[in-house]
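These protein sequences, in sequence, are chains P, X and A.
According to the working numbering, the stretch in the first sequence is residues 1 to 250, in order.
According to the working numbering, the stretch in the second sequence is residues 251 to 500, in order.
According to the working numbering, the stretch in the third sequence is residues 501 to 750, in order.
Cβ atoms here follow ideal geometry from the backbone N, Cα and C, with glycine treated the same way.
A short write-up of the structure that comes next.
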Amino acid sequence: MITLASDFGSPYPAAMRGVLCSRSDARLVDVAHDFPRQDVRTAAFWLRELLPTFPAATHLAVVDPGVGTDRRPLAVEAGKHALVGPDNGLLMPAARELAGDAPLACYEIPVDDPESTTFHGRDVFAPAAAAVHDDGLDALDYPAVEDPVDLSFPEAAVADDEARGEVLVVDGFGNAITNLDGALLADRWGEYARVNGDRVPVARTYDAVDADERLLTVGSHGAVELAVNRGRGEEAFGVEPGSRVVLDRP
Amino acid sequence: MITLASDFGSPYPAAMRGVLCSRSDARLVDVAHDFPRQDVRTAAFWLRELLPTFPAATHLAVVDPGVGTDRRPLAVEAGKHALVGPDNGLLMPAARELAGDAPLACYEIPVDDPESTTFHGRDVFAPAAAAVHDDGLDALDYPAVEDPVDLSFPEAAVADDEARGEVLVVDGFGNAITNLDGALLADRWGEYARVNGDRVPVARTYDAVDADERLLTVGSHGAVELAVNRGRGEEAFGVEPGSRVVLDRP
Amino acid sequence: MITLASDFGSPYPAAMRGVLCSRSDARLVDVAHDFPRQDVRTAAFWLRELLPTFPAATHLAVVDPGVGTDRRPLAVEAGKHALVGPDNGLLMPAARELAGDAPLACYEIPVDDPESTTFHGRDVFAPAAAAVHDDGLDALDYPAVEDPVDLSFPEAAVADDEARGEVLVVDGFGNAITNLDGALLADRWGEYARVNGDRVPVARTYDAVDADERLLTVGSHGAVELAVNRGRGEEAFGVEPGSRVVLDRP
């Protein structure tokens, strides 16, 4: 199985599908192709959340502001999974999650003439993903990369009466997903918490508060989310990715 | 085969795909994931229109404003098809259509700790759909549900000189799809009909009238549609789902 | 394998998927369903760019302003590929590309009662694509079409010091893709060229210029593109499909 993810929108992903079908009989499953354009960090977050739901697979992911520069094309072995994409940190959080206790092994995908194309998704990464899937990284004998570009998400600081974290991403519905562990809200359902100084209800479900009312909830990621019932949490809380979120007792 | 439908937008459907691939070898086919958010009625309409085009399959559908409440997770046997989703009426119009003359049988999907997750699509419904597909509802021995939440669409009232119906949904192009049978227009192509008091041309195709001009036509559903050539019928007719539509001789 | 492309948006493509699954075991791969509505020319461009990445397949494509008129439903044999869609030129540029040196053979898909439906994607083209895939055009014995509606893209005029072309399409990111061969920029990376009278940097990558700055680059199609780093080239250059683009030495 090969999964596909990118910020290509439409219709460019079809070119990757075509190349993959031309070179491999692997089953193809789309993850998403509408990641915010050139936003490596947000895409890395989603890959970390979504790829672990899949069985062993080769994961092709391309969000690549550095295409055309000398950034390396990367293949990563992560336990029973492999990842293929640009060496800009995009793959690393997901790779660590997929690898579990296994060590990561990174390789550079050889490219004859990287400047010959501006569409590495079609011309470099899709052919490599087909090869990694069909032949396996061991057989391909790609040169090892010891210093892949890394990317990680900050840890929240949790004290007795206060937790300090930040917004990692905002999803398509406007929910601001933080790095604060949802367990912080575990004994507070139906009560209030103070977020960045404001008193906000803590609820399991959006509909537990009135329409357009703010709430704190725990998202599918197990993390605290700043949300609005039938509205956009990012706007109501005035936050964006990177914004500080301080949670304390009301 | 398992079909997938939801109001999740992107990228959340990938988590359902991943879980399904992890638990079943079933072929996956997407129906749509951009149903209007939390609009059970509109999604139920589309499922009724679209699912009957598929061969025998397990249909996973999630539009679920009640996630986190005590609404039941439901599995429905409908002839050679099965449906899996929330017990809020979403599945019922499609189930009746798929079942034909066969009786419907509804079952509650057992969940150990429904409050442990806010993402029932990934954590409850996708695993259940994989089980229903692979094992069959008979083998699963889920408890029967005698009183599933129902949802149905109103019938139009047709008299000799007047038909009274309503708009059921508005599609992505702005076409207002009614519950009036397209047969009402059968002998009137190229003529005019009176809709809510206005005289409007009856045409088989949008392009039969000028750009921005209103028309009555019959959509893919076999129902009367209020449309505008290269424009949005809902706006030009001033209607929305639930709006009354009275059709009489001009 | 059957590929699917249309301007149907969502959720109508699911009806084609359902019909195809009901009639054939072919693997289905989506190309795109968000081509600009009723824009045959733009869709024809993308099909020409994208379909050649696929292995031998039946390509179902529907952008069909003439549905309901007497335009013919068409099947085209193009080397090892087949195409199915309306006879409005949509399929022809891709068919020529797929056929290579092989001659094209066009056939009319028989339809009992074309006026019985307004959804030819579901009711005419999908069943035909399943038949073409499973049985092959030879066995189907469709009547030959000698005069299919053609569509072609204009050639640029290249002289020593000036190349005159036009914008063919604008992609979803606002890049204006021209019919000027990217080779025209081959020895000018990092320099400037004059486009429609303005001096613009020539760069391999968007990020080679500042945000919001214009550039000339070569797109995945091998053609000159008018672009803006992190912005929309169409707006900054004031062009749209059909706009003249004159490229000369600065």
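Neighbourhood of residue i by C-beta distance below 6 angstroms, restricted to the same chain and skipping five residues each side
i, result
"residue 212/P", "231"
"residue 317/X", "370"
"residue 423/X", "none"
"residue 246/P", "164 and 196"
"residue 239/P", "167 and 176"
"residue 219/P", "177 and 225"
Closer than 8 angstroms at the beta carbon, the chain X residues around residue i
i, result
"residue 204/P", "318, 365 and 368"
8 angstroms CB neighbourhood of residue i in its chain, flanking five on each side removed
i, result
"residue 276/X", "251, 252, 270, 308, 380, 383 and 384"
"residue 157/P", "163, 164 and 165"
"residue 352/X", "328 and 329"
"residue 374/X", "323, 359, 361, 364 and 367"
"residue 709/A", "701, 703, 715 and 729"
N- and C-terminal bounds of the beta strand (DSSP E) containing residue i
i, result
"residue 746/A", "744-748"
"residue 735/A", "Where residue 735/A is concerned, there is no enclosing beta strand (DSSP E), although the alpha helix (DSSP H) it sits in stretches over 733-737."
"residue 568/A", "Segment: none, residue 568/A is in no beta strand (DSSP E) and carries neither H nor E."
"residue 6/P", "2-6"
"residue 419/X", "412-420"
"residue 195/P", "192-195"
"residue 381/X", "It is not in any beta strand (DSSP E) - residue 381/X instead sits in the alpha helix (DSSP H) that spans 376-385."
"residue 478/X", "473-478"
"residue 605/A", "604-608"
"residue 450/X", "448-451"
"residue 468/X", "464-468"
"residue 656/A", "Residue 656/A -> no beta strand (DSSP E), and no H or E assigned at all."
"residue 711/A", "No beta strand (DSSP E) contains residue 711/A, which DSSP labels as neither H nor E."
Rounded C-alpha distance that separates residue i from residue j
i, j, result
"residue 4/P", "residue 274/X", "19 angstroms"
"residue 266/X", "residue 428/X", "33 angstroms"
"residue 187/P", "residue 202/P", "10 angstroms"
"residue 264/X", "residue 100/P", "21 angstroms"
"residue 192/P", "residue 217/P", "11 angstroms"
"residue 728/A", "residue 715/A", "6 angstroms"
"residue 637/A", "residue 310/X", "36 angstroms"
"residue 622/A", "residue 185/P", "49 angstroms"
"residue 704/A", "residue 118/P", "7 angstroms"
"residue 474/X", "residue 433/X", "8 angstroms"
"residue 748/A", "residue 660/A", "9 angstroms"
"residue 641/A", "residue 48/P", "52 angstroms"
"residue 403/X", "residue 564/A", "31 angstroms"
"residue 626/A", "residue 737/A", "40 angstroms"
"residue 83/P", "residue 29/P", "14 angstroms"
"residue 645/A", "residue 562/A", "19 angstroms"
"residue 643/A", "residue 439/X", "30 angstroms"
"residue 512/A", "residue 421/X", "9 angstroms"
"residue 321/X", "residue 104/P", "43 angstroms"
"residue 589/A", "residue 56/P", "43 angstroms"
"residue 40/P", "residue 304/X", "38 angstroms"
"residue 484/X", "residue 449/X", "16 angstroms"
"residue 207/P", "residue 180/P", "22 angstroms"
Contact list for residue i against chain X, beta-carbon separation under 9 angstroms
i, result
"residue 622/A", "303 and 470"
"residue 64/P", "Those within 9 angstroms of residue 64/P in chain X number zero; the least Cβ separation is about 18 angstroms."
Where the alpha helix (DSSP H) through residue i begins and ends
i, result
"residue 577/A", "Careful: residue 577/A lies outside any alpha helix (DSSP H), inside the beta strand (DSSP E) at 573-578."
"residue 292/X", "290-300"
"residue 589/A", "That residue, residue 589/A, is in no alpha helix (DSSP H); it is neither H nor E in DSSP."
"residue 13/P", "13-23"
Whole-angstrom C-beta distance between residue j and residue i, which should lie under 8 angstroms
i, j, result
"residue 608/A", "residue 651/A", "That pair is no contact at about 18 angstroms."
"residue 576/A", "residue 595/A", "5 angstroms"
Neighbour list for residue i in chain A, Cβ cutoff strictly below 7 angstroms
i, result
"residue 292/X", "The premise fails here: residue 292/X is roughly 10 angstroms from chain A at the closest Cβ pair, so nothing lies under 7 angstroms."
"residue 457/X", "565"
Proximity test, residue i beta-carbon vs the ligand SAM heavy atom, cut-off 8 angstroms
i, result
"residue 25/P", "The ligand SAM is not part of this structure, which contains no ligands at all."
Own chain residues within Cβ distance below 7 angstroms of residue i, not counting five before or after
i, result
"residue 598/A", "551, 552, 578, 579 and 581"
"residue 669/A", "542, 545, 677 and 741"
"residue 531/A", "503, 504, 505 and 550"
"residue 148/P", "74, 87, 92 and 106"
"residue 509/A", "533 and 534"
"residue 287/X", "257"
"residue 378/X", "323, 325, 334 and 359"
Chain-ordered neighbours of residue i on chain P, where CB pairs are closer than 8 angstroms
i, result
"residue 685/A", "Under the 8 angstroms cutoff, chain P gives no residues; its nearest Cβ is about 12 angstroms from residue 685/A."
"residue 717/A", "118"
"residue 584/A", "Those within 8 angstroms of residue 584/A in chain P number zero; the least Cβ separation is about 17 angstroms."
"residue 534/A", "10 and 11"
ask   = Can you list, in chain order, the residues of the stretch 1-23 of chain P whose Cβ is nearer than 7 angstroms to any Cβ on chain B?
value = Looking at the structure shown, chain B is missing, and the protein chains on hand are P, X and A.
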